[in-house]
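In terms of this note's numbering, the sequence shown opens at residue 9 and continues consecutively. Quick reminder that beta carbons are idealized off the backbone N, C-alpha and C, glycines included. Heads up: the structure comes next, in structure tokens.
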Amino acid sequence: FTALAAGLAATLLTGCQSEQLLSIGDMSSGYNKEIFWMSLWAIALSIIVFVGVSWALFYSVQKFREDRHDAPPAQFHGNNRLEVILVAVPVVIVILLSVLTVRSMARLNPVPVNAPKIDILSKQFWWNFAYPTVTSDAGGTVANGNEMVMPTGQPVVLNLTSGDVIHGFWAPNIGGQRHALPSVIRTWKVDTERPGVYQGNCSQLCGASHANMRYKVIALEPERYQAFLAAAKAYRAPTPAEGSAEARGYTLFMQGKASTGALACSACHRVQGTPAAAGAGPDLSFFGTRRTLGAGMWEGEEAEKNLVPWIANSPGMKPGALMPTYDGSEYMVNGKMQKGGVLTRAEIEDIAAYLRSLKLPEEADYWRGTP
Ligand code: CUA
Numbered sequence: 009f010t011a012l013a014a015g016l017a018a019t020l021l022t023g024c025q026s027e028q029l030l031s032i033g034d035m036s037s038g039y040n041k042e043i044f045w046m047s048l049w050a051i052a053l054s055i056i057v058f059v060g061v062s063w064a065l066f067y068s069v070q071k072f073r074e075d076r077h078d079a080p081p082a083q084f085h086g087n088n089r090l091e092v093i094l095v096a097v098p099v100v101i102v103i104l105l106s107v108l109t110v111r112s113m114a115r116l117n118p119v120p121v122n123a124p125k126i127d128i129l130s131k132q133f134w135w136n137f138a139y140p141t142v143t144s145d146a147g148g149t150v151a152n153g154n155e156m157v158m159p160t161g162q163p164v165v166l167n168l169t170s171g172d173v174i175h176g177f178w179a180p181n182i183g184g185q186r187h188a189l190p191s192v193i194r195t196w197k198v199d200t201e202r203p204g205v206y207q208g209n210c211s212q213l214c215g216a217s218h219a220n221m222r223y224k225v226i227a228l229e230p231e232r233y234q235a236f237l238a239a240a241k242a243y244r245a246p247t248p249a250e251g252s253a254e255a256r257g258y259t260l261f262m263q264g265k266a267s268t269g270a271l272a273c274s275a276c277h278r279v280q281g282t283p284a285a286a287g288a289g290p291d292l293s294f295f296g297t298r299r300t301l302g303a304g305m306w307e308g309e310e311a312e313k314n315l316v317p318w319i320a321n322s323p324g325m326k327p328g329a330l331m332p333t334y335d336g337s338e339y340m341v342n343g344k345m346q347k348g349g350v351l352t353r354a355e356i357e358d359i360a361a362y363l364r365s366l367k368l369p370e371e372a373d374y375w376r377g378t379p
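Here you go:
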């Protein structure tokens with residue numbers, strides 16, 4: 009029975025498996041397994057209650073039908089034995105459910121001291137994933153925007169907070185949805201046995217681009233995860249060769265263009281190993297390694313194709329985005345329309361070229377080997 013029920017429930021919960029998984033029935037995660045079995049117990053008890061109540065109802069309706077009796081049935085008041093049973097059965101069920109719940113909480117809650125940790129910052133409408141135990145050789149914590157890298161086969165401790173309103177961290181395949189609250193840090197552990205790319209979403213309605221607040225979880229075998237961390241720690245953004253598009257992009261990125269009102273990217277973003285160290289926008293240190301753009305709005309070729317238009321006018325492509333425009337269009341900040349600075353198409357392409365050059369070495373490319 010349990011095998012059948014597990015199979016059925018797994019099928020129902022998983023639905024169809026795509027390459028970018030999104031499933032609360034993913035049994036590769038110990039977290040999900042725990043919740044799954046607990047739910048199964050609760051469902052089994054509910055079925056027993058449902059069958060019992062239904063039986064009593066239909067039995068009474070049939071047995072005491074008016075047309076089956078000449079005289080009214082016996083009238084009496086009070087039945088101590090029945091009343092004790094009616095109280096005792098629900099109490100036993102509630103105790104059973106409490107024991108199961110406390111047992112699951114005890115298994116899920118202790119956060120291992122030596123586990124890998126990831127600090128998650130959520131803001132309208134993007135994510136930053138920092139590795140607090142890893143200080144980069146260039147100074148500062150290693151971090152990456154909108155793509156979270158974790159090892160398989162062990163619990164990973166997540167510390168979640170929000171920089172503005174309430175968001176929700178929800179990557180169902182690795183287990184455990186949590187609200188992200190400003191000035192509160194939520195800590196819990198997630199895990200998966202299977203390497204792969206998993207979809208994550210913001211699960212709390214948080215503004216105009218709530219639906220555009222997505223991220224990827226990339227689970228790597230422990231050796232590859234270590235390779236990623238080591239390379240990320242040692243990473244210093246390359247200094248572009250003089251006269252190249254990247255070098256022109258670098259200058260615009262760091263200084264903007266005062267004559268046309270174009271703000272410097274470095275006023276809001278960080279790139280490890282450069283003077284850009286701001287945290288108002290997602291960390292761009294490994295931008296060239298990333299495959300998604302706009303907090304998961306586009307992937308792969310779509311992301312590549314949209315990079316220049318994105319820099320030119322992100323609020324136009326993503327409602328509520330706080331990044332300024334660079335094509336002179338108006339955008340809204342704190343309810344006020346504001347006119348963005350102006351860069352030429354060629355200048356924006358230079359910035360895009362610089363961003364693409366921010367790449368981790370081949371052995372640390374966490375996307376390697378994924379479709
Ligand atoms: Cu953030 Cu919804």
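In the three-state DSSP reduction, H175 falls in the strand class (E or B). Put simply, the stretch 243-259 does not touch the stretch 115-124. Fewer than three CB pairs are less than 8 Å apart. Annotation for N220: no beta strand (DSSP E) segment contains it, and DSSP assigns it neither H nor E.
Of the residues F66, Y374 and T378, the one whose Cα lies closest to the Cα of P159 is Y374. L213 has its CB nearer than 7 Å to a heavy atom of ligand 1. Leaving aside the five residues that flank E371 on each side, the residues in its chain whose CB is nearer than 7 Å to its CB run, in chain order, A235 and A239.
Look at F133: its beta carbon is less than 7 Å from one of the heavy atoms in ligand 1. The shortest C-alpha to C-alpha distance from V107 to any of I193, A50 and K241 is the one to A50. Looking at the DSSP output, V279 sits in no beta bridge, so it has no partner there. DSSP places K125 inside the beta strand (DSSP E), whose first and last residues are K125 to K131.
Checking the DSSP bridge columns, you'll see N152 partnered with F137.
In this structure, D291 lies near N152, with their beta-carbon atoms less than 8 Å apart.
Boundaries of the alpha helix (DSSP H) around Q263: A253 to Q263. Shortest Cα-Cα distance from S31 to any of I103, A146, M221 and N209 involves N209. Spanning the alpha carbons of G60 and L94 requires a straight line of approximately 12 Å.
Distances from the CA of L271 to each of T333, M113, V69 and A354 were compared; the closest alpha carbon is that of T333. For A188, no alpha helix (DSSP H) encloses it; the enclosing beta strand (DSSP E) starts and ends at R186 to A188.
For Y339, the uninterrupted beta strand (DSSP E) run begins and ends at E338 to V341, by DSSP. Here V150 is not near K224, since their CB atoms are 8 Å or more apart.
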